[in-house]
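Engineer: The structure's right below; bear with me while I get my questions together.
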Amino acid sequence: MNGDLSIAGFNFKNRLFLGTGKFSSNSIMKKTVEESLCEVVTVAVRRIDFSNNENIVSDLPEKIKLLPNTSGARNAEEAIRIAKLARAAGYGDWIKLEVINDSKYLFPDNYQTIKAAEVLVKLGFVVLPYINPDLTVSRAIMNAGASAIMPLGAPIGSNRGLKMKELIKIIINEIKLPIIVDAGIGCPSDACEAMEIGAAACLVDTAIATSNDPVKMAKAFVNAVNAGREAYLAGIPSQEINFARPSSPLTGFLYAQN
Amino acid sequence: MKNLETNKFYNLDHFKKLISVEDRAELENNAQLAHYLTVLNFGKTLTLYTPLYLSNYCTNGCLYCGFNKIISLKRQKLSKKEIKEEGLKIYQKGIRNILLVSGEDDINSDVEYFNTAILTLKKMFSSVAIEVKAMSLNEYKALKKNGLDCVTIYQETYSREIYKKVHPFGAKADYDFRYTSAERICEAGIRSLNLGILLGLNKWENDAVNLAEHLLYLSGKYPDTEFSVSFPRIRKNNANFNSLYDVSDIDLVKIIISFRLFMPKLGIAISTRENEDFRNSIIPLGVTKMSIGSKTHVGKDEGHEQFSISDKRDVDVFRSYLQDKAGYNPVFQAWN
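From first to last, the protein sequence lines stand for chains A and B. Sequential numbering of the first sequence, starting at 1, is according to the working numbering. Sequential numbering of the second sequence, starting at 1, is according to the working numbering.
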């Protein structure tokens, strides 16, 4: 479909992905998912009570693509265990890989993430890894067979925006995979900015979940993501790489025959 | 809030200033900032857990504890069957995080006993924590292998002088072994460590600063451990021990706020020692975990509690309060 984001055979129109943590109630979280029309929703496997039919993921709209994440994993081994747990419990093959052993900044461990991605792809998972933006790491993850790359904009929960903008731009330019900016997006204009530089989508959790009106905020983010995407496709003049080249050479006249 | 002075985080000098705030308006300002940071890092959520007392056999002489060796009470411990039964009662209330508590007695509640308890309860509870004697590295590693994911260990007080006075005999009298257990727990790879001080043993400012310093050291050395703190106040107990120093509600509020501003991602756990109204009021200040539906005696023996419980609310009542009045999401499931 034209304009859709395509990941592992699935097409998505809505380029705002939604996290489900930190909401002040499950009912508000579910309302936010429904009314924002978000199609991809992440949930920490550690928050899913498998013994209870009524848990954090029950009652979510059927149409959504649930993306379990390995939040809590401190190394590749723990991440692989959590991914397998999610799949065994019937939550599908898609996994957002989050390997964090840094309790101060919550930076992902890129090395352990690569290791886990390599194993999980071989086990048939559709892997979307969360990383500290780094081109070399991105190449390794792409070569491992991941289906997207999710570089952080700024530390989780910091709402500090695209502190990693330059590195993310480089990854977008060099890696032929959907690049989904995740973490640190603090307001709709941050999401818009990420889309303007060519991100395929944005994942937002804290800025929506902890706002006074998550439903309204999610809709604002959707608008911002759409605006940024449209601007990117139109070619933003101030971004030199997008400036339309005239169809005729500018210095051709120097060599014209008199 | 985008201009948050992040250089003041993890700053011990700043922590000392925070706990010394006297001005009401300044305290209110700090409270607002603490609330903001907690919501940013945790959302409006509160993780709930219930303690299960396994055994009141104890060879220590801790002056402040209702289980201390010299107190005459019916000594008992739960059998494997009873552990399962008691665990099931807690599980049926919706709780998924359980904290196993025991006195220190190498004959009656040794590491094998803890192992059995953990293995039994891991089938029901996604998170099993323990609050028991200080142990060796290998012992912590063995328990971790069987599913232990969290350890609570209180230094009680960081003053060696007071520590010696209130721990006259028993293995717990060894200050250094107690102090270094935190590192062994981290070294063993246990996911989560809850440290604490017993308020009332020492001047609270001194112990708070020492606890902060201890945390700073540990979190720097073990960045992959999830840390939380507790600061219970001495309550009415069967040991008839009275606080050596007063700790007012304002003092405890300052402690909570200061720890939140010191380490924005630190867990802060409050037990049912505090009463209902006070617990309700402090939730927005930075608390991330609360026990509920607690009983501090072993089995059915109601007369012999470790300490008196103030907040006697049932899990459902507290859950309703959080959802309907406080606007907080009670989190039962937090680990798998």
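Backbone N, C-alpha and C define an ideal beta-carbon position, used for all residues, glycine too.
(1) Looking at A212/B: is its Cβ nearer than 8 Å to the Cβ of G66/B?
(2) Please list the partners that L85/A has in chain B, where partner means a Cβ-to-Cβ separation under 8 Å.
(3) Assuming the contact rule is C-beta atoms closer than 8 Å, A34/B and G286/B should be a hit. Round their C-beta distance to whole Å, please.
(4) What residue range does the alpha helix (DSSP H) around K17/B cover?
(5) What does the alpha-carbon distance come out to for the pair H14/B and N55/A?
(6) Using a Cβ cut-off of 8 Å, which residues of the region 218-238 of chain B contact any Cβ in chain A, in chain order?
(7) Spatial neighbours of E174/A within its chain, please: C-beta separation below 7 Å, excluding the five flanking residues on both sides.
(8) Check the DSSP bridge columns for G196/B and list the partner residues they point to.
(9) How is the beta strand (DSSP E) around D268/B delimited, first residue to last?
(10) Going along the region 37-54 of chain B in order, which residues come within less than 9 Å of chain A, judged by CB to CB distance?
(11) Along the chain, where does the alpha helix (DSSP H) containing E230/A start, and where does it finish?
(12) Would you say G19/A reaches chain B, if we count a Cβ-Cβ gap shorter than 8 Å as a contact?
(13) Within a Cβ cutoff of 6 Å, which residues of the same chain sit near S138/A, ignoring the five residues on either side of it in sequence?
(14) Taking the straight line between their C-alpha atoms, what separation do you get for S281/B and K122/A?
(15) Rounding to the nearest angstrom, what Cα-Cα distance links S310/B and L60/A in this structure?
(16) Let me know the beta strand (DSSP E) ranges lying completely inside the region 41-118 of chain A, each 3 residues or longer, listed in chain order.
(17) First and last residue of the alpha helix (DSSP H) that includes C192/A?
(18) Indicate whether at least one CB of chain E lies closer than 8 Å to the CB of I131/A.
(19) With a threshold of 8 Å between beta-carbons, can V45/A be considered close to chain B, or not?
(20) Given a threshold of 16 other Cβ atoms within 10 Å of its Cβ, counted over all protein chains shown, does V222/A qualify as buried or as exposed?
(21) Check each residue of the region 38-63 of chain A: if its Cβ is closer than 9 Å to any Cβ of chain B, include it; give the result in chain order.
(22) Give the range of the beta strand (DSSP E) segment to which G19/A is assigned.
(23) When you compare the CB of N101/A with every CB in chain B, is at least one pair closer than 8 Å?
(24) Taking its Cβ as the centre, do 16 or more other Cβ atoms sit within 10 Å of M1/B, making it buried, or is it exposed?
(25) Hey, does G196/B have any beta-carbon neighbour from chain A nearer than 8 Å?
(26) Using a cut-off of 7 Å between C-beta atoms, extract the partners of G72/A located in chain B.
(27) May I ask which residues mark the beginning and end of the alpha helix (DSSP H) holding N206/B?
(28) Closer than 8 Å, CB to CB, is T251/A near chain B or not?
(29) Shorter than 8 Å from the beta carbon of F221/A to some beta carbon of chain B?
(30) Rounded to whole angstroms, what is the Cα-Cα separation between F169/B and L215/B?
(31) For the region 20-35 of chain A, list every residue whose C-beta sits within 8 Å of some C-beta in chain B, in sequence order.
(32) Quick check on this structure: which residue in S271/B, E205/B, M290/B, D224/B has the alpha carbon closest to the alpha carbon of K254/B?
(33) Taking 8 Å as the cut-off, does the region 127-147 of chain B touch the region 71-85 of chain B (at least 3 CB pairs, one atom from each stretch)?
(34) Looking at C-beta atoms only, is the number of pairs between the region 171-181 of chain B and the region 218-225 of chain B that lie closer than 8 Å three or more?
(35) Determine the direct distance from the alpha carbon of V204/A to that of Y57/B, and round the result to whole angstroms.
(36) Of all the options L99/B, S159/B, H167/B, which has the alpha carbon lying nearest to the alpha carbon of V151/B?
Structural biologist: Taking the geometry as given:
(1) no
(2) N336
(3) 5 Å
(4) 12-19
(5) 41 Å
(6) S219, P223, D224, T225, E226, F227
(7) L135
(8) Y154/B, S230/B
(9) Sequence inspection shows Ile at residue 268/B; the Asp mentioned does not correspond to that position. From DSSP, the beta strand (DSSP E) with I268/B extends over 267-270.
(10) V39, L40, N41, F42, G43, K44, T45
(11) 214-234
(12) no
(13) I149, I171, I175
(14) 51 Å
(15) 39 Å
(16) 65-69, 94-97
(17) 188-196
(18) In the structure shown, chain E does not exist; the protein chains are A and B.
(19) yes
(20) buried
(21) A44, V45, R46, R47, I48, D49, F50, S51, N52, N55, I56
(22) 16-19
(23) yes
(24) Legend: pLDDT at M1/B = 48, less than 50; position of this residue unreliable, no value from coordinates given.
(25) no
(26) W335
(27) 204-221
(28) no
(29) no
(30) 27 Å
(31) G21, K22, F23, S24, S25, N26
(32) E205/B
(33) no
(34) no
(35) 51 Å
(36) L99/B
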